[in-house]
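K.L.:
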Amino acid sequence: MTKSYASGFQALKLVNLDINKGEIFALLGPNGAGKTTLINIICGIVTMSSGSVIADGHDIVRNYRAARSMIGLVPQELSTDAFETVWATVSFSRGLFGRAPNSNFIEGLLRDLSLLDKRNSRIMTLSGGMKRRVMIAKALSHEPQILFLDEPTAGVDVELRRDMWNLVRGLREKGVTIILTTHYIEEAEEMADRIGVINKGTLMLVEDKKELMKQLGKKQLTLHLQTPLTQIPGELAPFNLELKNGGADLVHTVESASSVDISAMLQRLSDLSIVIKDLQTHQSSLEDIFVKLVSERT
Amino acid sequence: MSNAAPARFNRHGVWAIYRFEMARALRTLVQSLVTPVITTSLYFVVFGAAIGSRLTTASGISYGAFIVPGLIMLALFTESLSNASFGIYFPKFTGTIYELLSAPVSYVEIVIAYVGAAASKSIGLGLIILATAALFVPIKILHPGWMIAFLVMTASTFSLFGFIIGIWAKGFEQLQFIPMLIITPLTFLGGAFYSIDMLPPAWRAFSLFNPIVYLISGFRWSFYGTADVSVAISLSMTIGFFAILLSLVAWIFKTGYRLKS
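Line by line, the protein sequences give chains A and B. For the first sequence, position 286 (counting from the first letter as 1) is numbered 348 according to our numbering, and the numbering increases by one without interruption. For the second sequence, position 64 (counting from the first letter as 1) is numbered 1098 according to our numbering, and the numbering increases by one without interruption.
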């Protein structure tokens, strides 16, 4: 699909994406990358300029009823009917999406989201975190099979974030396909099966999370030396080492493809009477990979 | 999670929107019902009792009774416009419109739900005003079936008009612009408080360009059997106006005008 606005701004430049049934797909990208536009097109909120979207075999334009019936959306903004009660607004959403009333289901949903005791509270009286739970309850009220979470944990506390992660995992176990956008890369790292990186309207890569980390991730071993070195001895040349911190640190970088015998390297250091005061290891996170990708390709 | 096939007509969706809109009216009962009833009673006090006693109408009906259909229409116009425009504008304003746009409801279903709810409220209000008026003046309804038909058609037409205004409006002031600056003056000049036969010929001819004249005239005919213009023309104008608005709303949904980017 593509999306251009009347102003000429190209929000999405030819995006091709397949999402597997039952997976958790994380879409990462900086602000204005096109994440929300992509989601809003699939959900019917924004009209695409060209292309097509198929949701479980249903074209989202031609067969929008079938497509939308199986999609739930938790938008980024906390947009709620302030004067409605929690029960009323969640029941409204269920009806809106064509489902017959089912108080047992709504009750169970509110219980799962720790909202049952707030069922008769007006939304305006709830905290931001509780409102976010209400948004999720509304999105799940019609029992969707595809769930879009557009930055679901933005601005929520750690406890709620953990609760949401558990909820998402629980939904995946029930077979729900989940697509989430997030700024918290630890969130994607924690939950996603696959990662997509989008920047300036272009989908830069789609990769299995583990594979992505294996390919692009790197490990670093930093050795803090007792006595700083002025240069790296020639005997250490095979070990991909560099001096940092004025010679006080010897840094060994393990690129994913390379394989270096660490014990041999340590033995060589010992042979050269280079005394190690302390050591530190660092493995690049998804965030490091993301930042590297975005900065390399822009 | 369920995988039921969606129905051809999303009756649960229509009912959900309708109930939501009706519940909103109940939450704001004072604004929705009590205020218009008080306003109407004041019209009776001012026009019916204070001024009306010194006026006679061409059709021989007491002035107080004569203005009842016009007052009901006045309330019907303003309330239909305000209910329907606010109903769709508010989700746009708060951002909850996302849910409506992403739901499996067709444009026809959305219009039925919003316009139906707004028209229901206006019709209820019209009937309450009628009951209130009956406390002040004796009222006869010669053609009750046509009275209900005009009531329903006018409420639906103006609710549809209000719905379009709600989509078009970018702010609260625009929401008020057409009702306050166009509809209310046209209603006052459209024979709500007088028969256009009472006007000089030039003004009478000019009044015939005011579409509100036809709506009020037809409605008044259903009460007293007398009309400023032919009932057939009144009926055609009402249906014609409704058809034009339906075409406009169809275009809005087709293009996503001020709903989708």
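Quick reminder that beta carbons are idealized off the backbone N, C-alpha and C, glycines included.
Going by Cα to Cα distance, which pick from B:1228, B:1119, B:1149 and B:1145 is closest to residue 1101 of chain B?
P.N.:
Within the second sequence, residue 1101 of chain B is the residue found at index 67, counting from 1. Checking every option, the nearest Cα to that of residue 1101 of chain B belongs to B:1228.
K.L.:
Grouping DSSP H, G and I as helix and E and B as strand, with all else coil, what is residue 71 of chain A?
P.N.:
The count along the first sequence starts at 1 and reaches residue 71 of chain A at position 9. Residue 71 of chain A: coil per DSSP, three-state reduction.
K.L.:
Please report how far the alpha carbon of residue 68 of chain A lies from the alpha carbon of residue 109 of chain A, in whole angstroms.
P.N.:
Locating residue 68 of chain A in the first sequence gives position 6, counting from the first residue. Locating residue 109 of chain A in the first sequence gives position 47, counting from the first residue. In a straight line, the C-alpha of residue 68 of chain A is about 12 angstroms away from that of residue 109 of chain A.
K.L.:
Using CA atoms only, rank isn't needed, just tell me which of B:1215, B:1250, B:1204 and B:1212 is closest to residue 1224 of chain B.
P.N.:
Residue mapping note: residue 1224 of chain B aligns to position 190 of the second sequence, counting from 1. The option with the nearest alpha carbon to residue 1224 of chain B is B:1250.
K.L.:
Label residue 73 of chain A either buried or exposed according to how many other C-beta atoms from any shown protein chain fall within 10 Å of its C-beta, with 16 as the threshold for buried.
P.N.:
Against the first sequence, residue 73 of chain A aligns to sequence position 11. Buried is the call here.
K.L.:
Threshold first: 4 residues or longer. Then list the alpha helix (DSSP H) segments lying entirely within the region 263-308 of chain A, N to C.
P.N.:
Those alpha helix (DSSP H) runs which fall completely within the region 263-308 of chain A and span 4+ residues are 271-278.
K.L.:
Is residue 1036 of chain B helix, strand or coil by DSSP?
P.N.:
Translated into positions along the second sequence, residue 1036 of chain B becomes position 2. Reliability fails at residue 1036 of chain B, whose pLDDT of 48 lies under 50, so the model's placement of it is uncertain and the value that follows must be treated cautiously. Of the three classes helix, strand and coil, the one that applies to residue 1036 of chain B here is coil, per DSSP.
K.L.:
Residue 107 of chain A by DSSP, collapsed to three states: which one?
P.N.:
Here the question's residue 107 of chain A lines up with position 45 in the first sequence. Here residue 107 of chain A sits in coil by DSSP.
K.L.:
Could you tell me the boundaries of the beta strand (DSSP E) in which residue 180 of chain A lies?
P.N.:
The residue labelled residue 180 of chain A in the question sits at position 118 within the first sequence. Element bounds for residue 180 of chain A: n/a, residue is neither H nor E.
K.L.:
What residues from chain A crowd round residue 1049 of chain B, counting only those whose CB sits closer than 8 angstroms?
P.N.:
Taking the second sequence and counting its residues from 1, the one referred to as residue 1049 of chain B is at position 15. Neighbours of residue 1049 of chain B on chain A, chain order: 157.
K.L.:
In terms of alpha-carbon separation, which member of A:334, A:65 and A:293 lies closest to residue 111 of chain A?
P.N.:
By one-based count along the first sequence, residue 111 of chain A stands at place 49. If we check each option's Cα against that of residue 111 of chain A, A:65 comes out closest.
K.L.:
At a CB-CB cut-off below 9 angstroms, which residues of chain B make contact with residue 135 of chain A?
P.N.:
Numbered from its first residue, the first sequence carries residue 135 of chain A at position 73. Those are 1132, 1133 and 1136, listed as they occur along chain B.
K.L.:
Is any non-hydrogen atom of the ligand FAD found closer than 7 angstroms to the C-beta of residue 197 of chain A, if you look at the structure I gave you?
P.N.:
Summarising the ligand content, the structure contains no ligands, and the ligand FAD is consequently not present.
K.L.:
Under the three-state reduction of DSSP, which class applies to residue 1106 of chain B: helix, strand or coil?
P.N.:
Counting from one through the second sequence, the residue named residue 1106 of chain B turns up at place 72. Helix at residue 1106 of chain B.
K.L.:
Strictly by DSSP, which residues pair up with residue 345 of chain A?
P.N.:
Numbered from 1 along the first sequence, position 283 holds the residue referred to as residue 345 of chain A. In the DSSP output, where bridge partners are listed per residue, residue 345 of chain A has A:281.
K.L.:
For residue 121 of chain A, which residues in chain B fall below 9 angstroms Cβ to Cβ?
P.N.:
Reading the first sequence from its first residue, position 59 is the one you call residue 121 of chain A. Those within 9 angstroms of residue 121 of chain A in chain B number zero; the least Cβ separation is about 13 angstroms.
K.L.:
Between B:1220, B:1151 and B:1045, which has its C-alpha nearest residue 1122 of chain B's C-alpha?
P.N.:
As a working mapping, residue 1122 of chain B is identified with position 88 in the second sequence. Answer by Cα proximity: B:1151.
K.L.:
Apart from the five residues on each side of it in sequence, which residues of its chain come closer than 6 angstroms, Cβ to Cβ, to residue 263 of chain A?
P.N.:
If you number the first sequence from 1, residue 263 of chain A lands on position 201. Excluding residues within five positions, the ones whose Cβ falls inside 6 angstroms are 72, 73, 74, 75 and 96.
K.L.:
Does the Cβ of residue 1115 of chain B have 16 or more other Cβ atoms within 10 Å, making it buried, or fewer, making it exposed?
P.N.:
If you number the second sequence from 1, residue 1115 of chain B lands on position 81. Buried is the call here.
K.L.:
In terms of residues, what are the limits of the alpha helix (DSSP H) holding residue 230 of chain A?
P.N.:
Here the question's residue 230 of chain A lines up with position 168 in the first sequence. Residue 230 of chain A -> alpha helix (DSSP H) spans 220-235.
K.L.:
Note down, in chain order, each residue of its chain lying with its Cβ closer than 8 angstroms to the Cβ of residue 1279 of chain B, except the 5 sequence neighbours on either side.
P.N.:
Your numbering for residue 1279 of chain B matches position 245 in the second sequence. Only 1191, 1194, 1195 and 1198 meet the Cβ criterion.
K.L.:
Can you give me the C-alpha to C-alpha distance between residue 81 of chain A and residue 270 of chain A, rounded to a whole angstrom?
P.N.:
By 1-based counting over the first sequence, the position of residue 81 of chain A is 19. By 1-based counting over the first sequence, the position of residue 270 of chain A is 208. Residue 81 of chain A and residue 270 of chain A: Cα-Cα distance of roughly 11 angstroms.
K.L.:
Need the endpoints of the alpha helix (DSSP H) that residue 1184 of chain B sits in, please.
P.N.:
Start at 1 with the first residue of the second sequence, and residue 1184 of chain B comes out as number 150. That run of the alpha helix (DSSP H) goes 1178-1202.
K.L.:
I'd like to know whether the C-beta atoms of residue 1287 of chain B and residue 1132 of chain B end up nearer to each other than 8 angstroms.
P.N.:
The residue you call residue 1287 of chain B lines up with position 253 of the second sequence. The residue you call residue 1132 of chain B lines up with position 98 of the second sequence. No, they are not a contact pair.
K.L.:
Work out the CA separation of residue 253 of chain A and residue 233 of chain A for me, nearest whole Å.
P.N.:
Against the first sequence, residue 233 of chain A aligns to sequence position 171. Against the first sequence, residue 253 of chain A aligns to sequence position 191. Going by the C-alpha atoms only, they are around 12 angstroms apart.
K.L.:
When the Cα of residue 87 of chain A is compared with those of A:259, A:286 and A:350, which residue comes out closest?
P.N.:
Locating residue 87 of chain A in the first sequence gives position 25, counting from the first residue. If we check each option's Cα against that of residue 87 of chain A, A:259 comes out closest.
K.L.:
Starting from the beta carbon of residue 86 of chain A, find every residue of chain B whose beta carbon is closer than 8 angstroms, and list them in chain order.
P.N.:
Taking the first sequence and counting its residues from 1, the one referred to as residue 86 of chain A is at position 24. Within chain B, no residue comes near residue 86 of chain A; the closest Cβ sits about 15 angstroms away, beyond 8 angstroms.
K.L.:
Under 8 angstroms between C-beta atoms, does residue 1150 of chain B make it to chain A?
P.N.:
Locating residue 1150 of chain B in the second sequence gives position 116, where the first residue counts as 1. Output row for residue 1150 of chain B: interface = no.
K.L.:
Can you tell me whether DSSP reads residue 215 of chain A as helix, strand or coil?
P.N.:
Counted from its first residue, the first sequence places residue 215 of chain A at position 153. Here DSSP, grouped into helix, strand and coil, assigns residue 215 of chain A to coil.
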